[in-house]
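A.B. asks:
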Amino acid sequence: MKILVAIKQVPDTATQVKIGAGGKAIDTAGITWIVSPYDEFAVEEALRVKEKRGQGEVVAVCLGPDRAKEALRSCLAMGCDRAIHLNDPAWTAADTLTTARALAAVIKQEQPQLVLCGRQAIDDDMGAVTAQLSEVLGWPCAAWIMEESVDADGKNVRAARQVEGGLEVFDLPLPAVISAQKGLNEPRYPTLKGIMGAKKKEIKDVKASDLGLGAEPPQLSVVALEALPPRPPGRVIQGDVATAVKELVRALREEAKAI
Amino acid sequence: MAGAIWCVVEDDRKGTPKKVMAEVIGEAARLGGPVEAVWLTDKASEDGLRELGSWGATKVWLLENAAFAPYRSEVWAAALAELAAAQSPKAIFGPVTSRQREALARLAARLGVGIAADSVAFAMEGDRLVATRPVYAGKLLSKVTWAKQPWVATLRPNVFRPAESQAGKTAAVERPGVKIANAQMKFIERREELSTGLPELAEAEIVISGGRGMKGPENYVILENMGKVIGAAVGASRAAVDAGWRPHRFQIGQTGRTISPKLYMGFGVSGAIQHLAGMRTSKVIVAVNKDPEAPIFKIADYGIVADLFEVVPALTAEFKRLLEK
Ligand SMILES: Cc1cc2nc3c(=O)[nH]c(=O)nc-3n(C[C@H](O)[C@H](O)[C@H](O)COP(=O)(O)OP(=O)(O)OC[C@H]3O[C@@H](n4cnc5c(N)ncnc54)[C@H](O)[C@@H]3O)c2cc1C
Ligand SMILES: Nc1ncnc2c1ncn2[C@@H]1O[C@H](COP(=O)(O)O)[C@@H](O)[C@H]1O
């Protein structure tokens with residue numbers, strides 16, 4: 000079975016982010032880049048499906064600039080068989096729909112039976128690409144998966160979505176798209192052998208024209224990035240516990256009107 | 000009416016719209032409406048229709064069909080897209096819920112328009128709509144706009160001021176015929192979580208959060224007791240979830256739930272950037288931590304530097320006294 004995993008490269012969660020010169024994107028100087036954490040769950044799950052079946056291929060795909068090769072390299076080190084890098088200036092201002100269309104075009108060429116994404120990419124926090132991708136493909140989709148299992152003859156995936164108050168379990172005929180929620184699995188660390196082996200694996204460069212796509216303007220664009228408005232300064236309530244607790248409750252009721 | 004702002008109804012799956020719809024409708028009205036609700040359900044209630052009208056929807060597009068329950072994004076998106084193509088709303092809004100974050104993204108792709116997910120503010124700038132969204136774990140705000148209508152967006156719960164219910168106001172109910180797509184996916188079962196008897200994390204107006212400072216799973220009962228007194232949900236930091244003290248669905252933060260309650264109270268939570276990502280838009284933040292240097296004090300409105308095991312029982316008792324008055 001062929002499985003495709005869509006991964007995005009994002010700034011490390013602990014990195015300071017600063018607004019860049021144009022005011023619409025971050026200043027990328029000095030940023031540590033990682034594979035978006037939810038996408039690591041997706042990679043891990045893809046590898047497990049392959050291992051469980053004892054055969055198959057896992058292809059990692061990333062749309063992003065030159066630096067995104069590093070992210071694909073880490074997926075190869077985890078165990079993906081090969082990688083596809085969608086790298087074209089036409090995608091510089093890609094919104095979720097442009098991304099979904101580009102991924103869909105690769106998927107049409109590759110024809111995997113299962114596509115795995117992350118719940119959301121933790122830079123823009125849109126959580127939209129998975130559903131949009133499935134719409135462009137006309138495939139069924141289930142987001143925020145906590146459990147999945149592909150049946151023995153590879154016709155169906157049973158997936159449990161996390162919803163308010165519980166899980167909803169669906170059977171999706173393959174091909175289908177699912178997105179990983181935290182709790183699906185514990186991603187493996189690349190082994191030394193994996194890291195060495197990754198250097199020899201293929202990362203194919205793909206341009207928009209290779210997919211028959213032109214440079215379309217994004218449907219959603221950034222007008223400005225802004226710093227958070229400062230929170231009003233808080234105060235640490237002094238005194239022994241009994242006094243402090245009384246004062247806190249008074250303040251919550253009378254000043255903050257929060258209780 | 001053409002050019003309306005549509006509010007896609009989130010309901011309790013038993014025929015009653017959720018409270019969060021008052022927020023969505025309220026915001027749509029503030030942006031200048033006209034406001035119409037679109038309700039996909041297997042069975043709507045008369046009370047529910049009345050409620051949507053009382054919040055300010057002038058019309059309810061009621062799509063009542065057994066195919067909408069259980070929810071499947073394919074079916075929802077196709078029906079919404081057909082209706083949107085016929086009626087040309089200028090915007091389509093819905094609350095961030097497990098159904099709508101998926102269905103509205105799918106809908107936007109079907110209509111070939113942009114989606115601003117998890118928005119926390121809107122403004123009309125001339126004749127375009129600009130949405131504000133937290134990005135990079137809430138460290139920055141991104142203002143975005145659409146190339147064309149309809150402007151599709153999901154709204155973070157608890158952020159927007161709810162419309163006030165006005166008893167006399169009613170909505171005209173229209174039942175348009177739309178084609179129901181054949182679903183490819185098949186519903187198997189729903190597994191309910193064990194109910195804590197406390198409100199749902201994402202919907203709660205007050206959230207109590209326990210971190211590694213709770214020392215073990217057995218101690219969460221003191222937070223739950225406080226939760227019962229003030230009607231709060233109880234969440235946790237990732238450190239507590241990873242230790243196996245709480246199930247993952249209670250995790251607050253970047254890789255957990257995003258919440259925006261009126262009041263957040265953290266006990267034994269240090270306030271790591273990834274935790275803040277999930278609760279930073281809370282209106283009032285209280286921190287109790289024995290380390291005065293804990294980063295959470297930087298964003299807390301009120302802090303107490305003390306042992307949580309002394310503070311929690313005293314605070315619970317004090318809340319009880321206040322609320323019994
Ligand atoms: C990719 C990534 C994603 C992440 N996602 C999340 C996420 O979604 N949510 C999340 O929460 N974290 C997340 N984290 C983890 C985050 O970085 C922190 O490790 C975590 O939030 C720490 O949890 P904590 O505050 O409970 O524990 P600690 O940082 O260990 O803090 C415990 C605090 O309790 C205090 N304390 C101890 N005993 C007492 C007592 N008796 N009374 C009062 N105070 C006491 C201590 O002073 C300390 O400040 C993520 C990390 C990464 C790398
Ligand atoms: N540039 C990209 N390249 C590859 N996959 C992506 C890209 N952007 C988003 N995705 C996938 O879509 C998921 C949801 O992303 P988003 O909608 O941007 O939050 C991510 O977790 C990835 O699996």
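The listed protein sequences derive, respectively, from chains E and Y. When the letters of the first sequence are read in order and numbered with numbering that gives the first Met the number 0, they come out as residues 0 to 258. When the letters of the second sequence are read in order and numbered with numbering that gives the first Met the number 0, they come out as residues 0 to 324. All C-beta atoms in this analysis are idealised placements derived from N, C-alpha and C, irrespective of residue type, glycine included.
What residues does ligand 1 have around it, judged by CB closer than 5 Å to any heavy atom, in chain order?
C.D. replies: E/T12, E/P36, Y/G210, Y/R211, Y/G212, Y/S236, Y/R237, Y/A238, Y/G252, Y/Q253, Y/T254, Y/G255, Y/G267, Y/V268, Y/S269, Y/A271, Y/Q273, Y/H274, Y/N288, Y/K289, Y/D290, Y/A293, Y/D306 and Y/L307
A.B. asks: Please state whether the Cβ-Cβ distance between Y/P156 and Y/A83 is less than 8 Å.
C.D. replies: no
A.B. asks: Nearest chain Y C-beta to E/L62 closer than 8 Å, yes or no?
C.D. replies: no
A.B. asks: From Y/A107 to Y/L154, what does the alpha carbon distance come to, in whole angstroms?
C.D. replies: 15 Å
A.B. asks: Alpha carbon to alpha carbon, how far is Y/M184 from E/E134?
C.D. replies: 13 Å
A.B. asks: Could one say the Cβ of E/P229 lies closer than 8 Å to chain Y's Cβ atoms, at least one of them?
C.D. replies: Using beta-carbon distances, E/P229 does not count as an interface residue toward chain Y, since no partner is under 8 Å.
A.B. asks: Which bits of chain Y does E/L166 rub up against, with CB to CB less than 9 Å?
C.D. replies: Here the neighbours are E188, R189, R190, E191 and E192.
A.B. asks: I want to verify the contact list: residues of chain Y whose CB lies under 9 Å from the CB of E/E225, in sequence order.
C.D. replies: T131, L139, L140, S141 and K142
A.B. asks: If you measure from the beta carbon of E/G211 to each beta carbon in chain Y, is any gap under 8 Å?
C.D. replies: Not a single CB atom of chain Y sits nearer than 8 Å to the CB of E/G211.
A.B. asks: Do you know offhand how far Y/M0's Cα is from Y/S164's?
C.D. replies: For Y/M0, the pLDDT reaches just 43, beneath the cut-off of 50, and the residue's location in the model is therefore unreliable, although a value from the coordinates is still provided. Computed Cα separation, rounded: 22 Å.
A.B. asks: Any heavy atom of ligand 2 within a distance shorter than 7 Å of the CB on E/I275?
C.D. replies: Residue 275 of chain E is absent from the structure shown; chain E starts at 0 and stops at 258.
A.B. asks: Please decide whether E/T95 counts as near chain Y, where near means a Cβ-Cβ distance under 8 Å.
C.D. replies: yes
A.B. asks: From what residue to what residue does the beta strand (DSSP E) around Y/P133 run?
C.D. replies: R127 to V134
A.B. asks: Excluding the 5 residues flanking Y/D290 on each side, which residues of the same chain have their C-beta closer than 7 Å to its C-beta?
C.D. replies: none
A.B. asks: Taking C-beta pairs closer than 9 Å, name the residues in chain E that Y/P69 reaches, listed in chain order.
C.D. replies: Per Cβ cutoff of 9 Å: E167 and F169.
A.B. asks: Of all the options E/Y37, E/T190, E/P216 and E/L227, which has the alpha carbon lying nearest to the alpha carbon of E/W90?
C.D. replies: E/P216
A.B. asks: Can you say whether E/R249 is buried or exposed, counting buried as having 16 or more other CB atoms within 10 angstroms of its CB?
C.D. replies: exposed
A.B. asks: Could you tell me whether any non-hydrogen atom of ligand 2 is closer than 7 Å to the CB of Y/T257?
C.D. replies: no
A.B. asks: Sort out for me which residues DSSP pairs E/N155 with in a bridge.
C.D. replies: E/P172
A.B. asks: So does E/D123 have its beta carbon nearer than 7 Å to some heavy atom of ligand 2?
C.D. replies: Indeed, a heavy atom of ligand 2 lies less than 7 Å from the Cβ.
A.B. asks: Does any CB atom of chain Y fall closer than 8 Å to the CB of E/Q207?
C.D. replies: Sequence check: residue 207 of chain E is Ala here, not Gln. Taking Cβ atoms only, chain Y never reaches closer than 8 Å to E/A207, which makes this a no.
A.B. asks: Y/R325 lies in the alpha helix (DSSP H); which residues open and close that run?
C.D. replies: With chain Y covering 0 to 324 only, the question about residue 325 of chain Y has no answer from this structure.
A.B. asks: Residues of chain E with CB closer than 8 Å to the CB of Y/M309, please, in chain order.
C.D. replies: Reading the sequence as shown, one finds Glu at residue 309 of chain Y and not Met. V240, listed in chain order.
A.B. asks: What three-state label does DSSP hand E/G233 in the structure shown?
C.D. replies: In the three-state DSSP reduction, E/G233 falls in the coil class, being neither helix nor strand.
A.B. asks: So what does Y/F121 bridge to, in DSSP terms?
C.D. replies: Y/A130
A.B. asks: Using a Cβ cut-off of 8 Å (strictly closer), state whether Y/K89 contacts chain E.
C.D. replies: no
A.B. asks: So if DSSP puts Y/Y70 in a beta bridge, which residue, or which two residues, is it bridged to?
C.D. replies: Looking at the DSSP assignment, Y/Y70 forms no beta bridge with any residue, so it has no partner.
A.B. asks: With a threshold of 8 Å, are at least 3 pairs of Cβ atoms found where one atom belongs to the region 181–193 of chain E and the other to the region 74–86 of chain E?
C.D. replies: yes
A.B. asks: By a C-beta neighbour count over all protein chains shown, 10 Å radius and 16 as the cutoff for buried, is E/L260 buried or exposed?
C.D. replies: Absent from the model: residue 260 of chain E. The displayed extent of chain E is 0 to 258, so no value can be given.
A.B. asks: Round the Cβ separation of Y/A77 and Y/A180 to the nearest angstrom and send it over; I've been treating them as touching at under 8 Å.
C.D. replies: 4 Å
A.B. asks: Please classify E/E254: is it buried, with 16 or more other beta-carbons within 10 angstroms of its beta-carbon, or exposed?
C.D. replies: exposed
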